[in-house]
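Participant:
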């Protein structure tokens, strides 16, 4: 029993890494399915457009899904037409671009995985670049090759060219090598950017490493408790209303937060070094609603970026 609890605790602690690993496996599987089942290079002048669509369209879809699944997206945009100050607060008009940039970085994880896997595989890139009719590119690719390279490059991927087998195979290997080089470039650039942003966030931290660790645990627990409380109170309220309806009697008093309290608790968190608050709800409970709508200091991105409720 202790062994099972140890395993479960380890899995819970590593849920972020497990989630990314699952996402990577799903990306690889999806890319292979697209390549084998759906992708059929036309071997015509449409190669370039067709290949790029298969390379970038799924990445764009994954980006949109990433925005949809990020709760901070809806915290930022909900009600922004009625209250523009929500995304452009007084004295901190750049906050919107700062927060939206953080949301975008999280949403880019899946698209970058797709592009990396697709480029390393090379199928989509080979089709696209074999249909590119740029003279400069053809000069480089067809250097020391026969004239047919210029005329029949789009047929190389399908094996329908009249060029010699050795020349056709060399062109295919060159296109595949270019694709894999770009794939590794995307991976390395993403890794360096992630390291750079993490280091910059840590270097600018106004709190210690241990307090940051506590903060992140608090955020996870608050999110779990908030979901549980929502279920509990929604159940109680629905039971009260149905009981009152069917028994045709006055409903019992049921205290609920005011409309403004809901609005205040839904705001993205703003860090203030003079107050030890760990979330918007924490600050709302401690200080009340009087100052919750006033922006005070820079947002704590490396905490708030962890899907804070």
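Numbering (my numbering), first residue to last: 9 to 317.
Just so you know, even glycine gets a beta-carbon here, dropped at the ideal spot from N, CA and C.
(1) What do you get for residue 287, buried or exposed, if any count of 16 or more other CB atoms within 10 angstroms of its CB means buried?
(2) What are the boundary residues of the alpha helix (DSSP H) that residue 290 is part of?
(3) With DSSP run on the structure shown, which of helix, strand or coil describes residue 37?
(4) Quick one: measure Cβ to Cβ for residue 133 and residue 63, integer angstroms, because I've assumed they're closer than 8 Å.
(5) Answer with buried or exposed for residue 211, where buried requires no fewer than 16 other C-beta atoms within 10 angstroms of its C-beta.
(6) Measure the C-alpha to C-alpha separation of residue 189 and residue 39 and round it to an integer number of angstroms.
(7) Quick one: what does DSSP say residue 112 is sitting in, helix, strand or coil?
(8) If you check the beta carbons only, do residue 198 and residue 120 fall under 8 Å apart?
(9) Counting only runs that start and end within the segment 154 to 196, where is the beta strand (DSSP E) found for 3 or more residues in a row?
(10) Please tell me whether residue 176 and residue 182 are closer than 8 Å, where the distance is taken between their beta carbons.
(11) How close, in whole Å, do the beta carbons of residue 118 and residue 74 come, if the pair is a contact with beta carbons under 8 Å?
(12) Would you kindly work out how many angstroms separate the C-alpha atoms of residue 84 and residue 163, rounded to a whole number?
(13) Run the CB neighbour count on residue 106, radius 10 Å, all protein chains shown included, and call it buried at 16 or more, exposed below.
(14) By alpha-carbon positions, which one of 124, 86 and 140 ends up nearest to residue 194?
(15) Would you decide whether residue 171 is buried or exposed? Buried here means 16 or more other CB atoms lie within 10 Å of its CB.
(16) At what residues does the alpha helix (DSSP H) containing residue 134 begin and finish?
(17) Out of 282, 289, 276 and 294, state which residue places its alpha-carbon closest to the alpha-carbon of residue 81.
(18) Measure the beta-carbon distance from residue 2 to residue 179 and round it to whole angstroms, keeping in mind my assumption that it falls under 8 Å.
Facilitator: According to the structure data:
(1) buried
(2) Annotation for residue 290: the continuous alpha helix (DSSP H) segment containing it runs 288 to 295.
(3) helix
(4) 7 Å
(5) exposed
(6) 18 Å
(7) helix
(8) yes
(9) none
(10) no
(11) 6 Å
(12) 49 Å
(13) With fewer than 16 other Cβ atoms within 10 Å, it is exposed.
(14) 124
(15) buried
(16) 131 to 138
(17) 276
(18) One cannot answer for residue 2 here, as it falls past the ends of the chain, which runs 9 to 317.
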